[in-house]
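Take a look at the structure set out below.
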Amino acid sequence: MTNIELKQLRRLLFLEVTEAAKMIGKCESRTWQRWEKGDRAIPTDVSKVIQMLALTRLDRLQVEHDEADPNYRYFDTFEGYKASGGAGNELKWRLAQSVATALLCKVEADKWREEETID
Numbered sequence: 579m580t581n582i583e584l585k586q587l588r589r590l591l592f593l594e595v596t597e598a599a600k601m602i603g604k605c606e607s608r609t610w611q612r613w614e615k616g617d618r619a620i621p622t623d624v625s626k627v628i629q630m631l632a633l634t635r636l637d638r639l640q641v642e643h644d645e646a647d648p649n650y651r652y653f654d655t656f657e658g659y660k661a662s663g664g665a666g667n668e669l670k671w672r673l674a675q676s677v678a679t680a681l682l683c684k685v686e687a688d689k690w691r692e693e694e695t696i697d
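Just so you know, we're using the numbering used here here: the sequence shown kicks off at 579 and counts up by one.
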């Protein structure tokens, strides 16, 4: 995995550097920043975890989903996610945010195309 790919996947998963460092890298934010800058090699375990999260995201987008399932809904806060039945940690909440946003785009795309105006 390249440093740019690491940054892209972190952003795709709606993670701040501090969150990714804590929850995936188990490291300081500065270490994660060095990986993203390409100053240091990315540990294999970090690459594998973020790749598995990205694959989980893809899998969730390819199946029929229940809109009541908190893993497919957008919540502004982790507390809101948990209160609606979301299980797991903040990493699963961020994954749910990413999935929900992609689903919004998918569902609304045709409407947005119809409303598009070009000056």
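Positions of the beta carbon are idealized from the N, C-alpha and C atoms, including for glycine.
Expressed to the nearest angstrom, what Euclidean distance is found between the alpha-carbon atoms of residue i and residue j?
i, j, result
"residue 593", "residue 672", "7 angstroms"
"residue 606", "residue 688", "43 angstroms"
"residue 591", "residue 656", "14 angstroms"
"residue 612", "residue 601", "17 angstroms"
"residue 631", "residue 617", "24 angstroms"
"residue 622", "residue 694", "44 angstroms"
"residue 580", "residue 620", "8 angstroms"
"residue 584", "residue 603", "11 angstroms"
"residue 638", "residue 668", "17 angstroms"
"residue 595", "residue 692", "37 angstroms"
"residue 653", "residue 610", "26 angstroms"
"residue 586", "residue 680", "15 angstroms"
"residue 598", "residue 582", "15 angstroms"
Does DSSP classify residue i as helix, strand or coil?
i, result
"residue 662", "coil"
"residue 595", "helix"
"residue 688", "helix"
"residue 653", "coil"
"residue 580", "coil"
"residue 680", "helix"
"residue 646", "coil"
"residue 586", "helix"
"residue 694", "coil"
Give the list of continuous alpha helix (DSSP H) stretches no shorter than 4 residues that lie fully inside the stretch 605 to 637. 607 to 615
Inspect the CB distances between the stretch 625 to 633 and the stretch 647 to 665 and report whether three or more fall short of 8 angstroms. no
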